[in-house]
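Encoded as structure tokens, the structure appears first; notes follow it.
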């Protein structure tokens with residue numbers, strides 16, 4: 011049945027498309043009149059981008075929403091049509107379509123209350139929203155109209171007594187988008203941004219924000235949309251080419267890369283923390299030194315055959331190196347140098363003509379160095395002290411000359427200046443110049459020194475494990491990935507941060523798997539602490555070194571200004587049945603703060619466990635399921651193993667039956683989509699139509715394995731299949747309530 015306003019809205023759409031066609035013709039004519047004038051070339055480049063958008067997207071699907079608004083005391087309704095980009099008539103400058111990032115567009119994304127407002131600069135415009143409408147448009151034709159003011163209540167009997175939802179709400183337009191199948195890339199969500207997501211996207215720019223978002227809550231997409239919003243609204247103070255996105259791996263960067271041009275942020279910088287930071291650290295290392303593979307700890311921690319004592323020692327040192335305690339030890343090292351290796355003796359000289367002694371007391375010098383210049387890195391502090399001492403000497407010397415009415419000629423003054431410089435140069439020799447890497451080696455290799463400088467709550471075992479492993483690594487002329495942030499922070503303390511404030515805004519995705527010290531280093535490179543940090547503590551698969559509580563950031567790294575904290579508990583990815591099983595895994599481990607995902611009430615099939623009589627039988631069943639799902643129209647299917655070695659075995663066993671199967675590793679830069687096999691840690695941040703999880707019995711009942719399994723289980727949108735041993739399904743799956751899944 012057609013919407014009662016269909017004919018009216020279709021006419022409006024046709025009028026809009028006609029106006030856009032007129033604008034396309036006008037833009038083509040303007041660009042055709044090319045000139046050598048630089049300013050006009052810049053303008054034409056901007057027009058060319060606008061033309062490309064209108065030709066590729068604007069005339070086929072010019073907008074996706076409408077909001078009707080009556081301003082207070084005006085009593086005149088405005089109908090605003092909202093699209094991915096704004097379109098303005100070139101002759102009258104009237105808006106044909108309003109950009110989703112514009113202030114008035116926030117009305118479309120606000121909650122269900124009729125009373126609403128939006129900010130226009132410093133002005134707050136208040137009024138009443140009378141209609142919110144979504145459009146599904148294909149090739150210039152309306153295929154669906156959804157009025158969003160009234161939402162359908164879906165109430166279903168829950169089969170589990172501890173269920174996390176008794177009732178939920180989902181509008182038809184959102185449901186239609188969620189039920190689509192997935193290809194190999196992230197998509198924009200400008201048409202379906204929810205109210206709580208909109209608050210994050212439009213948060214103030216000069217304050218760090220930290221987002222704890224459950225699996226499927228749209229953290230990544232929200233962060234990228236926030237970039238687009240900031241670029242659109244703060245063009246005078248921010249440049250998109252100075253925006254940085256840090257992602258967990260190179261493959262994930264390609265996964266998100268295609269959505270950036272659609273959001274108008276195609277020229278932002280993108281990197282992993284390791285790639286960005288290692289370039290800087292390599293300049294500090296002696297020739298021939300290397301950085302170990304970032305995958306090495308993963309092999310250690312997710313291989314059950316590894317020595318538990320070795321795992322414990324590795325966790326101790328890796329967690330310490332990325333901690334705020336390590337940051338404090340590095341800061342204390344600079345104080346240690348000042349307290350033990352700088353004598354702070356009295357500085358003096360005699361003016362031979364009058365026999366006057368000019369002196370600066372050592373305590374004054376020490377206080378100046380430690381307090382007056384405490385804001386400066388060590389070497390700049392040394393340089394500033396020398397300049398300060400010269401000024402102090404000159405002040406007293408020239409006062410002495412004025413008092414005695416002595417007038418030194420040019421030659422006499424030059425002789426004095428030369429003498430003073432020599433005296434200062436000799437004096438400043440007692441202030442050691444520090445080599446950053448040599449200093450770091452000293453601190454991390456000597457247990458007694460690290461014990462002295464580290465906070466008292468750090469155990470002796472952690473100190474010993476850190477120093478012994480560091481000593482062994484240094485003997486091989488190697489450092490590990492976890493040393494990188496500590497070295498950069500020490501460089502900041504000694505020399506100053508290279509490129510401090512180089513980023514206008516920074517997005518850190520999957521931030522739970524970075525350390526607090528790594529994020530502190532990124533903050534130093536970001537202007538005015540303008541960061542968007544998103545992650546999920548429950549998905550911290552690098553638990554041996556990552557963040558265990560956002561308090562490390564909100565109460566440790568970001569003290570001025572304080573970070574704003576947001577929590578997203580609604581999951582829009584997986585079905586209720588899949589999320590029930592995934593949440594059961596989290597309930598089995600003791601996390602400081604566990605936010606269980608609340609899925610929108612989109613129902614599907616229960617997860618399925620394939621029971622196999624042999625390994626060959628398992629591979630045959632997996633291949634059969636893949637063919638079945640491809641026939642059903644699912645486009646992205648991931649076969650997920652616990653380990654890197656396991657993914658190689660799976661690929662070898664299945665390649666003959668699934669010729670299009672692609673094996674992915676951490677070295678891959680491109681995410682191909684289709685049918686892939688990969689280790690579980692690589693699935694982080696990705697999503698698929700179907701996930702087939704191999705050998706669930708391999709996951710042990712500990713924090714690392716539980717988080718890894720949870721990550722893998724929350725990747726599918728529509729189907730989850732697990733394979734396992736029916737007699738020994740593993741420590742985690744054993745406790746899964748049988749009514750939550752089926753067996754075949």
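Numbering (the working numbering), first residue to last: 11 to 754. By construction, the Cβ of each residue, glycine as well, lies at the ideal position given by its N, Cα and C atoms.
If you reduce the DSSP assignment to three classes, tell me which class residue i lands in.
i           : result
residue 142 : strand
residue 439 : coil
residue 240 : helix
residue 13  : coil
residue 30  : helix
residue 21  : helix
residue 282 : coil
residue 728 : strand
residue 760 : Residue 760 falls outside the range modelled here, since the chain spans only 11 to 754, and no answer is possible.
residue 541 : strand
residue 318 : helix
residue 707 : helix
residue 481 : helix
residue 746 : coil
residue 566 : helix
residue 300 : strand
residue 150 : coil
residue 106 : strand
residue 488 : strand
residue 422 : helix
residue 172 : Confidence is the limiting factor: at residue 172 the pLDDT is only 40, short of 50, which leaves the residue's position unreliable and the question unanswerable from this model.
Going straight from the alpha carbon of residue i to that of residue j, what length do you get?
i           : j           : result
residue 656 : residue 689 : 7 Å
residue 414 : residue 342 : 47 Å
residue 294 : residue 158 : 57 Å
residue 78  : residue 114 : 11 Å
residue 40  : residue 101 : 13 Å
residue 506 : residue 446 : 11 Å
residue 673 : residue 658 : 7 Å
residue 103 : residue 36  : 13 Å
residue 546 : residue 534 : 23 Å
residue 484 : residue 199 : 48 Å
residue 252 : residue 518 : 14 Å
residue 28  : residue 224 : 43 Å
residue 444 : residue 498 : 14 Å
residue 328 : residue 745 : 31 Å
residue 679 : residue 481 : 33 Å
residue 118 : residue 75  : 8 Å
residue 255 : residue 281 : 6 Å
residue 302 : residue 566 : 29 Å
residue 707 : residue 612 : 28 Å
residue 273 : residue 695 : 19 Å
residue 571 : residue 218 : 8 Å
residue 364 : residue 411 : 10 Å
Which residues share a DSSP beta bridge with residue i?
i           : result
residue 575 : 220
residue 155 : 145
residue 648 : 686, 701
residue 338 : None; residue 338 has no bridge partner.
residue 89  : 78
residue 609 : 581
residue 137 : 81, 126
residue 515 : 253
residue 369 : 358
residue 274 : Partner(s): none; residue 274 has no beta bridge.
residue 753 : 619
Would you grab the beta carbon distance between residue i and residue j for me? Rounded to a whole angstrom, and I think it's under 8 Å.
i           : j           : result
residue 709 : residue 618 : Contact flag wrong, Cβ pair sits at about 17 Å.
residue 357 : residue 370 : 5 Å
residue 488 : residue 299 : 7 Å
residue 595 : residue 742 : 6 Å
residue 671 : residue 551 : About 24 Å separates the two Cβ atoms, so there is no contact after all.
Can you find a heavy atom of the ligand MG that lies under 7 Å from the Cβ of residue i?
i           : result
residue 402 : Summarising the ligand content, the structure contains no ligands, and the ligand MG is consequently not present.
Sufficient close CB pairs (3 or more, under 8 Å) joining the region 665-673 to the region 628-635: yes
Would you check if the region 209-223 and the region 572-587 touch, i.e. whether three or more CB-CB distances between them fall below 8 Å? yes
So, do the region 534-544 and the region 226-234 have three or more beta carbon pairs nearer to each other than 8 Å? yes
So, does the region 91-99 touch the region 254-262, judging by three or more C-beta pairs under 8 Å? no
Using a Cβ distance threshold of 8 Å, determine whether the region 462-480 contacts the region 349-368, with at least three qualifying pairs required. no
Is the region 553-560 touching the region 585-594 in the sense that three or more CB pairs, one from each, lie closer than 8 Å? no
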